[in-house]
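Enquirer: Here it is, the structure in full.
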Amino acid sequence: MLDENLPTFYLRASSDGTKHNASVLLSQNGSDAKPEYFLRHPDPSLPGSKNRYAVALYDSYNPEILFGEVLLIPEWTQPTLSQEQIRLNGGVPPPPQPVLPTEFTVQLYNPDQQVLVKYHAGKWISDPYWEFEMPQESFRKPSTSALDRTQSDPTASEITPKLGFRWKKEGKLSKDYVLSLSGKSTNPDGSKRRNREPDITIALFRHFKEITIYEPNLSRVEMEDPKGLEVVLLLGAIVIREVYNSPMLETFNITEPPRRHSSSSSNSHRPPLTSNPHPNATSLPPRRTHQPSLSNPTIPTTQPSSRPPPTDPRSQWELDAETALLRKQLASEERARKKAEAAETKRVKRMLEEEERLAKEKQKEIDRETERLRKLYGNGKGQQYQSVASKPPPQRGNGNGNGFYNGGGPVTNYPPAPVQRPHSSTGLPAQPYIASNLQRPPQQGPYLSPQPQQGSGYPGPSSSSFFGGQPPPTQPPSQGRPNVVPKKSFWGLRGGGEEGARLTKQRSTVF
């Protein structure tokens, strides 16, 4: 602080805690600093504040009063055509970088006025500086003439004399800037008259935090609008600090694109596919109801962005870069999906082959067991039929009166043979029924004794032991015709030969 009696403006952070706002405090004649102005910057999180710089100066007690503002949109570098840089940047041209502006405009209100501040870069023997001009007359003169009312304002007139001011560094190694009155110009073409008057120091900007105004020298400035000069002085100092002495990306709220990783690093961070290297052969994978379409990949739907349409090359480049990045992601996702489908197909194929192999081994085991059982118990039904045919029939024992054998098996009862009456032609005495039909029973043998078989190899007809009949003698079958049983009448009316074929008259045994 040079002198506590000089008016000094202090740049402090906002009392409400907002980072992008600030307060301007004023101290004069040793008094405490009090709020005088309020600085506002646009919210960096809003899309409308991207790729630009803006600052406005308001009244500290009445936030609706705007004294002046600065809007600065930088110029951008042209995109490179180098294929090497495009390849290194992932197939997208490098982003355009902002160019340090060579001028900016301070817009004043009430009265409206635009002050153009030009920037001159430093050289080997000179330091950079910023210069601007302000008219000496800013207000109309009161007049009752209608002609005077139709004329333009003095600030827009070319014949109005203007005062030139210059911001310049105080020294090579110093960070302080000095504002000085460089002269007055009255020529319409903007040229200055040569004079030998030295520059008059108006203000000092120290350490980018405080601005001290030399009030004794300010009285030598012939201007109708000292308040406008004060606003231009403050806004110019703030722009010099934030634009020309700060990182440009932060000043213009430029977002750096995300770093693009190589394909190898992206694949290393990608989670591996969960596949079972040794699938369980007894379990089948879940059946798919539909196959995924390879020709129509599913593209993730993106919500429409709330950003405004691009107004500068940087915004357009961001859109192009985002589009290229989305295309690259879709291509990588498509490749990963195809790779996963191929791995799943191989896994299912291996599982099916394993199941088929196990089924074949099981079938071979069944065939071996069947062959072993066939060799152990014989082959087929023929041997069973042969064993049944060679088995002798069971021998029936003597029956009792209830029609069952002693062994407990049932016996088939035949009807009693009829009594055969004697014939008169034979002259044989009539024999009783028992005498003629009952014979001496055969010798008892063991139960289920083998019976004599006929010549054909099959067992002969069984005879009843109750009636004592002997089985008829077996005759050898003829070679050309089977054995024919002779017909015999049930009542004995038919006999053998022609004699038995004739009917005889029955005679009474009494008369």
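Numbering-wise (my numbering), the sequence shown opens with residue 44 and increments by one.
For every residue, glycine included, the Cβ atom is placed at its ideal position computed from N, Cα and C.
All values reported here derive from a predicted model rather than from experimental measurement.
#1: How close, in whole Å, do the beta carbons of Leu190 and Leu206 come, if the pair is a contact with beta carbons under 8 Å?
#2: Over the uninterrupted beta strand (DSSP E) stretch that includes Glu79, give me the two end residues.
#3: Kindly indicate the opening and closing residues of the beta strand (DSSP E) around Gln156.
#4: Can you tell me the Cβ-Cβ gap for Ile116 and Asp355, rounded? I've got them flagged as a contact below 8 Å.
#5: Where does Pro178 sit, in a helix, a strand or coil, going by DSSP?
#6: Are Leu49 and Thr255 closer than 7 Å when you measure CB to CB?
#7: Which of the three DSSP states, helix, strand or coil, is assigned to Asp191?
#8: If you drop the 5 nearest sequence neighbours on each side, which residues of the same chain put their C-beta closer than 6 Å to that of Thr145?
#9: Could you give the first and the last residue of the continuous alpha helix (DSSP H) run that contains Ile281?
#10: Determine, using beta carbons only, whether Gly111 and Leu151 come nearer to each other than 7 Å.
#11: Find the nearest neighbour of Asn132 within the set Lys371, Leu222, Tyr420, Leu416, judged by alpha-carbon distance.
#12: Taking only the alpha-carbon atoms, compute the straight-line gap between Gly271 and Ala280 and give it to the nearest angstrom.
#13: So Glu361 is in the beta strand (DSSP E); what residue range does that whole segment cover?
#14: Taking the beta strand (DSSP E) that Arg209 falls in, what are its first and last residues?
#15: If you draw a straight line from the C-alpha of Ser70 to the C-alpha of Asn94, how long is it?
#16: DSSP state of Arg130, grouped into three classes?
#17: Pull up the CB-CB distance for Val274 and Phe147, whole angstroms please, since I reckon it's below 8 Å.
#18: Taking the alpha-carbon positions, what's the Thr298 to Gly214 distance?
#19: Is the region 238-249 touching the region 75-87, taking contact as three or more C-beta pairs under 8 Å?
#20: Does Asn296 pass the burial test, meaning 16 or more other C-beta atoms within 10 Å, or should it be called exposed?
#21: CA-CA distance, Gln121 and Pro139?
#22: Drop a sphere of 10 angstroms on the beta-carbon of His84, count the other beta-carbons inside from all chains shown, and report buried for 16 or more, exposed for fewer.
#23: Give the C-beta separation of Asp170 and Lys218 to the nearest angstrom, bearing in mind that I take them to be a contact with Cβ-Cβ under 8 Å.
#24: Using three-state DSSP, classify Leu292 as helix, strand or coil.
#25: Using only alpha-carbon positions, find the residue among Val67, Ser74, Val264 that is nearest to Leu100.
#26: Gln29: buried (16+ other C-beta within 10 angstroms of its C-beta) or exposed?
#27: Have a look at Lys382 and Arg390 and give me their C-alpha separation to the nearest angstrom.
#28: So the beta strand (DSSP E) Leu68 belongs to, where does it begin and stop?
#29: Alpha carbon to alpha carbon, what distance is there between Glu118 and Thr61?
#30: Count the other CB atoms within 10 Å of the CB of Glu293; is the residue buried (16 or more) or exposed (fewer)?
#31: Could you give the residue range of the beta strand (DSSP E) that holds Leu49?
#32: When you compare only the Cα positions, how much space is there between Ala56 and Leu261?
#33: Under three-state DSSP, which class holds Thr198?
#34: Cα separation between Phe52 and Gln126?
Expert: Looking at the coordinates:
#1: Not a contact, Cβ separation roughly 28 Å.
#2: 77-83
#3: 156-163
#4: 7 Å
#5: strand
#6: yes
#7: helix
#8: Tyr162
#9: 269-286
#10: yes
#11: Lys371
#12: 14 Å
#13: Looking at the DSSP string, Glu361 is not in any beta strand (DSSP E); the run it does join, the alpha helix (DSSP H), is 356-420.
#14: 205-212
#15: 35 Å
#16: helix
#17: Contact doesn't hold; Cβ gap of about 14 Å is too wide.
#18: 34 Å
#19: no
#20: buried
#21: 6 Å
#22: buried
#23: Between Lys218 and Asp170 the Cβ distance is about 12 Å, and since that is not below 8 Å, they are no contact.
#24: helix
#25: Val67
#26: Outside the shown range of the chain, which is 44 to 554, sits residue 29, and nothing can be said about it.
#27: 12 Å
#28: 64-70
#29: 29 Å
#30: exposed
#31: First-last for Leu49: undefined, no H or E at that position.
#32: 28 Å
#33: helix
#34: 52 Å
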